[in-house]
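**Q** Residue numbers (the working numbering): 1 to 75. Think of the CB as a built atom: it goes at the ideal place given N, C-alpha and C, for glycine as much as any other residue.
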Amino acid sequence: MVGDADGIVVIHRQDAEAVAEVAIKKKAGEDKTFELMESDFAAYSAKHLSTTEKRFANAGQMVPTFGSYAEMYNL
Numbered sequence: 001m002v003g004d005a006d007g008i009v010v011i012h013r014q015d016a017e018a019v020a021e022v023a024i025k026k027k028a029g030e031d032k033t034f035e036l037m038e039s040d041f042a043a044y045s046a047k048h049l050s051t052t053e054k055r056f057a058n059a060g061q062m063v064p065t066f067g068s069y070a071e072m073y074n075l
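1) To the nearest angstrom, how far is it from the Cα of Asp15 to the Cα of Ala23?
2) How many angstroms separate the CA atom of Ser45 from the CA atom of Ala20?
3) Run through the DSSP bridge pairs and tell me what Val2 is partnered with.
4) Please tell me whether Ala43 and Leu36 are closer than 9 Å, where the distance is taken between their beta carbons.
5) Since I believe Glu71 is in contact with Val63 (beta carbons under 8 Å), could you give me their beta-carbon distance rounded to a whole number of angstroms?
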């Protein structure tokens with residue numbers, strides 16, 4: 001059983017090692033993302049936009065774009 005501020009998860013004992021391996025890989029990826037955000041926000045933004053565009057394209061959709069926060073929320 002593992003918990004944090006987001007909630008609790010219970011894993012069968014026989015699955016624990018496989019789940020831990022996936023979690024370690026996920027954490028490493030998240031660490032790289034945060035490192036990039038802190039060191040070069042423009043590069044992070046470009047990477048994030050590229051990933052978002054690919055996901056929308058794979059779903060057959062266009063990425064919604066807005067000129068500003070105010071425009072996005074009609075302020």
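**A** By the coordinates alone:
1) 12 Å
2) 29 Å
3) Val9
4) yes
5) About 15 Å separates the two Cβ atoms, so there is no contact after all.
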